[in-house]
Amino acid sequence: MNDIENKIKVAYKESKNIYDNVLTANSFWSKVYNKLAWGMKDEDYVPTLLSFIPNDFNGKILDVPVGTAIFTASKYETIKTADITALDYSTDMLSQAKKRFEDLKINNIKCVQGDVSNLPFETDSFDLVLSMNGFHAFPNKEIAFKETARVLKKGGIFCGCFYISGERKATDLIVTKVLMPKGWFTPPFYTKDKVFQILDKLYTKVEVYNIKSIVYFRCVK
């Protein structure tokens, strides 16, 4: 494990008790943070992103990184015939996701600790790959894009979201001065146009949208 990977692992271990609260803005201070840092709510884009996964989906899904499954668990309750693999580099995040799935009695999910830059799966293994709020933390972004494409079957769907730069000065400042030094975000950071360029080289159909500094996308291989 190199210094950057270790910094990321430590950062997410230290934030495991506040991660869900910050993402969902459940407290006064997390609401203030989200307003200042992002200028929006997750509800502005998460429902649309998750709608890219059909409710009757019955194929194989890779969720990387699963995090604590704070946004995805309720979705996975509705797709009981899918075969879902939830992968995360952080064992702390993975243990919280596993407990959430167990509490909701979701039995069609396997939790795996692993690295997105070296996915432990055969080529063409999955029908859909979901990546929420991961690419802004991944240190090897180009490899991560190639690996998620590699394990996706031809005709499969790749969808996700993450931070992009150049859309909101306040967000860019907080990322640079706070989130990056903490190890929660890792450069380089892409613009919306750069994200499209990367995805367009890997997929036959690419849809890219953004709300302020969050890009979300749906691609077909």
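Numbering that gives the first Met the number 0 puts the first residue of the sequence shown at 0, with every later residue one more than the last. Where a beta carbon is used, it is the ideal one built from N, C-alpha and C, also for glycine.
Inset, instruction - Check whether the Cβ atoms of K79 and L49 sit closer than 7 Å, and answer yes or no. - result: Counting from 1 along the sequence shown, the entry for residue 79 is found at position 80. Counting from 1 along the sequence shown, the entry for residue 49 is found at position 50. No.
Legend entry - Whole-angstrom distance between K34 and V111, CA atom to CA atom: In the sequence shown, residue 111 corresponds to position 112, counting from 1. In the sequence shown, residue 34 corresponds to position 35, counting from 1. Each residue's CA atom was taken as its position, placing V111 and K34 some 34 Å apart.
Inset, instruction - Keeping to the same chain, check which residues put their C-beta closer than 6 Å to that of F195; ignore five residues upstream and five downstream. - result: In the sequence shown, residue 195 corresponds to position 196, counting from 1. Answer for F195: V207, listed in chain order.
Legend entry - Straight-line Cα distance separating S124 from K104: In the sequence shown, residue 104 corresponds to position 105, counting from 1. In the sequence shown, residue 124 corresponds to position 125, counting from 1. Cα to Cα, K104 sits roughly 25 Å from S124.
Inset, instruction - Would you mind stating whether L127 and I60 have Cβ atoms separated by less than 7 Å? - result: Mapped onto the sequence shown, residue 127 falls at position 128. Mapped onto the sequence shown, residue 60 falls at position 61. Result yes, Cβ atoms of L127 and I60 sit closer than 7 Å.
Inset, instruction - Within the same chain, show all residues whose beta-carbon is closer than 6 Å to that of V150, passing over the 5 residues directly before and after it, in chain order. - result: As a working note, residue 150 is residue 151 in the sequence shown. So the qualifying residues of the chain are L118, F120, S124, F125.
Inset, instruction - Starting from V100, follow the alpha helix (DSSP H) in both directions and report where the run begins and ends. - result: Along the sequence shown, one-based indexing puts residue 100 at 101. The sequence as given places Phe at residue 100; Val does not occur at that position. If you look at F100, you'll find it in the alpha helix (DSSP H) that goes 90-102.
Legend entry - Cutoff 7 Å: C160 Cβ touching any chain B Cβ: Any reference to chain B falls outside this structure, which holds one protein chain only.
Inset, instruction - Assign V177 to one of two classes, buried (16 or more other C-beta atoms within 10 Å of its C-beta) or exposed (fewer than that). - result: Position 178 of the sequence shown, counted from the first residue, corresponds to residue 177. So V177 ends up on the exposed side.
Inset, instruction - Between the Cα of Y242 and those of I163, W183, A81, spot the shortest distance and give me the residue it belongs to. - result: Any question about residue 242 goes unanswered here, given that the chain covers just 0 to 220.
Inset, instruction - Apply the 10 Å Cβ neighbour rule to D87 and answer buried if 16 or more other Cβ atoms are within range, or exposed otherwise. - result: Translated into the one-based positions of the sequence shown, residue 87 becomes position 88. So D87 ends up on the buried side.
Inset, instruction - Return the bridge partner residues of S130 from the DSSP annotation. - result: To locate residue 130, count along the sequence shown from 1; it is residue 131. According to DSSP, which records beta bridges pairwise, S130 is partnered with G159.
Inset, instruction - Would you identify the three-state DSSP class for T170, choosing helix, strand or coil? - result: For this step, residue 170 is matched to residue 171 along the sequence shown. T170: helix per DSSP, three-state reduction.
Legend entry - Beta-carbon gap between V65 and A36 smaller than 7 Å: Here the question's residue 65 lines up with position 66 in the sequence shown. Here the question's residue 36 lines up with position 37 in the sequence shown. The answer is no: Cβ separation not under 7 Å.
Legend entry - Pair within 7 Å by beta-carbon distance, S116 and N139: The residue given as residue 116 occupies position 117 in the sequence shown. The residue given as residue 139 occupies position 140 in the sequence shown. In contact: S116 and N139 (Cβ atoms closer than 7 Å).
Inset, instruction - Apply the 10 Å Cβ neighbour rule to E146 and answer buried if 16 or more other Cβ atoms are within range, or exposed otherwise. - result: The residue labelled residue 146 in the question sits at position 147 within the sequence shown. Answer is buried; the Cβ neighbour count reaches 16.
Legend entry - Reduced DSSP category for E206 - H, G, I as helix; E, B as strand; rest coil: As a working note, residue 206 is residue 207 in the sequence shown. Here E206 sits in strand by DSSP.
Inset, instruction - Determine the direct distance from the alpha carbon of F70 to that of G38, and round the result to whole angstroms. - result: Counting from one through the sequence shown, the residue named residue 38 turns up at place 39. Counting from one through the sequence shown, the residue named residue 70 turns up at place 71. Looking at the two C-alpha atoms, the distance is approximately 19 Å.
Inset, instruction - Find out if the Cβ-Cβ distance for the pair I197, F134 is shorter than 7 Å. - result: Residue numbering aside, residue 197 sits at position 198 when the sequence shown is read from its first letter. Residue numbering aside, residue 134 sits at position 135 when the sequence shown is read from its first letter. No, the Cβ-Cβ distance between I197 and F134 is not below 7 Å.
Inset, instruction - Determine, using beta carbons only, whether K98 and K153 come nearer to each other than 7 Å. - result: Looking up residue 98 in the sequence shown gives position 99. Looking up residue 153 in the sequence shown gives position 154. Not a contact, by the Cβ cut-off of 7 Å.
Inset, instruction - Out of E141, F100, N106, state which residue places its alpha-carbon closest to the alpha-carbon of K82. - result: Against the sequence shown, residue 82 aligns to sequence position 83. For the record, residue 82 in the displayed sequence is Asp; it is not Lys. Measuring from the Cα of D82, the nearest candidate turns out to be N106.
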